[in-house]
Amino acid sequence: MKVLVLNAGSSSLKYQLFNMESGKVTARGLCERIGAGGAITHKRPGADDFSEQIDLPHHGVALKRVLELLTSAEYGVIKSTSEIDAIGHRVAHGGELIKESSIITESVIKHLESLVPINPLHGPPAIAGIKACVELMPSTPQVAVFDTSFYSDIEDFRYVYPIPYEFYEKDHIRRYGFHGTSHRYVSAELAKAIGKPIEELKIVTCHLGNGSSITAVDGGKAIDTSMGFTPQEGIAMGTRSGSIDPSVVTYIMKTKGYTPEEMDDILNKKSGLLGVSGISNDCRNVYSAALNGDHRAELALKILTNGIKKHIGAYAAEMNGLDALAFTAGIGENQANIREWVCDNMDWLGIEIDKEKNENFTRGIPFDISAEGARVKTWIIPTDEEYMIAIDTQRIASKQN
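Residue numbers for the sequence shown follow our numbering, so the first one is 2 and each next one is one higher.
So, in structure tokens, the structure goes:
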């Protein structure tokens, strides 16, 4: 089976074509600046990359060009789009009604449209990508894989906020959690790396990038996670504040006269590492400044790493123990200093890393950085959300045949 995986952003469209028999990616690429010019980069293993500047007024045009490249004589890897057996879409939000990856129907699309008020950033582009696929390839099974699905079994006392209950009942305000596809993949790969059934393990996975989240996985099930009603909750991120006293928001709005839209912009785009350091949202740049003695840069990193540390400790308490810890995503996989600062003084919990292994890890593969004899195994696990989406898509689409 050949599965095309699509991840539609507000002005972008990422794609990967998988041969599920081999588990290999035969082509991948990125459409950028959709609606504001347009550019495509198309890659195939063992071949030169292809790039072009091209007008991409909307996602439908971008997808049409992707299909042309995949089937072209010069740059393609298939002869016809009929060779694509199914299409998997990354969808951030499934709400409360859709709890697992699903075949996309008209009713599913309508449900996604109903979620746009609580998912304004990620919802519209995902819907646009789905509709473009349905129009261009109406007979090909389409599967939605939701970031929120991994958290569908979390108990209500962990997802209901302590505000008047009618806000949950009538407005569906609750903790949903995000990055679930990544946490599901990483926890499963960590169990494989350790060589134990995931059903026997208590795991904390740290997905650390420009957007970051921490998840507690007990016996293969997510029991708690740091992101909430939106991806804003939790630890400090590149430009997001993470969790703060809610009265800070109302106080700033009252004293500064900010509108809800302006306040939202501050919390989501001007806070986090960027807001505290005043330098960058890129953790590498902030770390470089901290090494050169910049106090605010150092402060930003301490806020970040202390927040991660607190979540690990809290989740160990919730699970009544901890067997393994995983770091993944851009920061988690690549920044040794962040991993070291998070794990420092955690030996009471059984977390001890080998600093030499941590500094000299091998990128792109699961890598054990645990100190000899450490009770908790600490690993770097490269995430692969697209492969997880492809697996779900294959499983669900196969049932339709």
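By construction, the Cβ of each residue, glycine as well, lies at the ideal position given by its N, Cα and C atoms.
Quantities reported herein were computed from a predicted structural model and do not represent experimental measurements.
Exposure of residue 357 is indicated by the presence of fewer than 16 other C-beta atoms within 10 angstroms of its C-beta. It is roughly 26 Å from the alpha-carbon of residue 201 to the alpha-carbon of residue 345. With contact defined as three or more Cβ pairs closer than 8 Å, the region 242-260 and the region 284-294 are not in contact. Put simply, the backbone Cα of residue 150 is about 7 Å away from that of residue 181. When DSSP reads this structure, residue 329 sits in a beta bridge with 208. Distance from residue 48 to residue 103 at the Cβ level is roughly 35 Å; contact not present, criterion being Cβ atoms closer than 8 Å. Of the candidates 46, 401, 10, 220, 10 places its Cα closest to the Cα of residue 32.
Between residue 94 and residue 124 the beta-carbon gap is near 6 Å, inside 8 Å, which marks them as a contact. As summarised for the region 320-389, the continuous beta strand (DSSP E) elements at least 3 residues long and confined to that stretch are 325-329, 378-381, given in chain order. Distance check between residue 75 and each of 45, 148, 64 places 45 closest, using alpha-carbon atoms only.
Pairing residue 22 with residue 4, the inter-Cα distance amounts to about 10 Å. The beta carbon of residue 378 sits closer than 6 Å to the beta carbons of 195, 325, 371 from its chain, once the five residues preceding and following it are set aside; these are given in chain order.
As the crow flies, the alpha-carbon of residue 24 is around 31 Å from that of residue 54.
For residue 193, no beta strand (DSSP E) run applies; the uninterrupted alpha helix (DSSP H) run containing it begins and ends at 181-195, by DSSP. Between residue 138 and residue 70, the C-beta spacing is not below 9 Å.
Put simply, the region 360-375 does not touch the region 294-311. Fewer than three CB pairs are less than 8 Å apart. Non-local C-beta neighbours of residue 187 in its own chain, meaning closer than 6 Å and more than five positions away in sequence, comprise 206, 327, 329, 382, 384, ordered along the chain. Straight-line measurement puts the Cα of residue 78 at about 22 Å from the Cα of residue 136. Of all alpha-carbon atoms in 231, 258, 271, 248, the one lying nearest the alpha-carbon of residue 239 is that of 271. Counting only residues of its own chain and dropping the five nearest sequence neighbours on each side, residue 168 has a CB closer than 8 Å to the CB of 162, 174. By the 16-neighbour rule on beta-carbons within 10 angstroms, residue 321 is exposed. Proximity to residue 35 across 302, 113, 130 peaks at 130, based on C-alpha coordinates. Between the C-alpha atoms of residue 306 and residue 108 there is a straight-line separation of about 42 Å.
For residue 222 against residue 148, the beta-carbon gap comes to about 16 Å, at or over 8 Å, which does not count as contact. In this structure, the straight-line span from the alpha carbon of residue 100 to that of residue 217 is close to 18 Å. Restricting attention to 242, 225, 226, the CA atom closest to the CA of residue 233 is found in 242. Sequence-distant partners of residue 395 (beyond 5 residues in either direction) whose C-beta falls short of 6 Å from its own C-beta, in its chain, are 2, 4, 21.
Residue 44 carries a strand assignment under DSSP once its states are collapsed to helix, strand and coil. Boundaries for residue 37: no beta strand (DSSP E) harbours it, and the DSSP string shows neither H nor E there.
About 7 Å separates the beta carbon of residue 215 from that of residue 235, a gap short enough to meet the 8 Å contact definition. Looking at the DSSP output, residue 51 bridges to 43. The shortest C-alpha to C-alpha distance from residue 92 to any of 28, 339, 117 is the one to 117.
For residue 300, same chain residues with a beta-carbon under 8 Å away, outside a window of 5 residues either side, are 277, 278 in chain order.
Looking only at 292, 323, 294, 210, the smallest Cα-Cα distance to residue 282 is reached by 210. In this structure, the alpha-carbon of residue 354 lies about 12 Å from that of residue 361.
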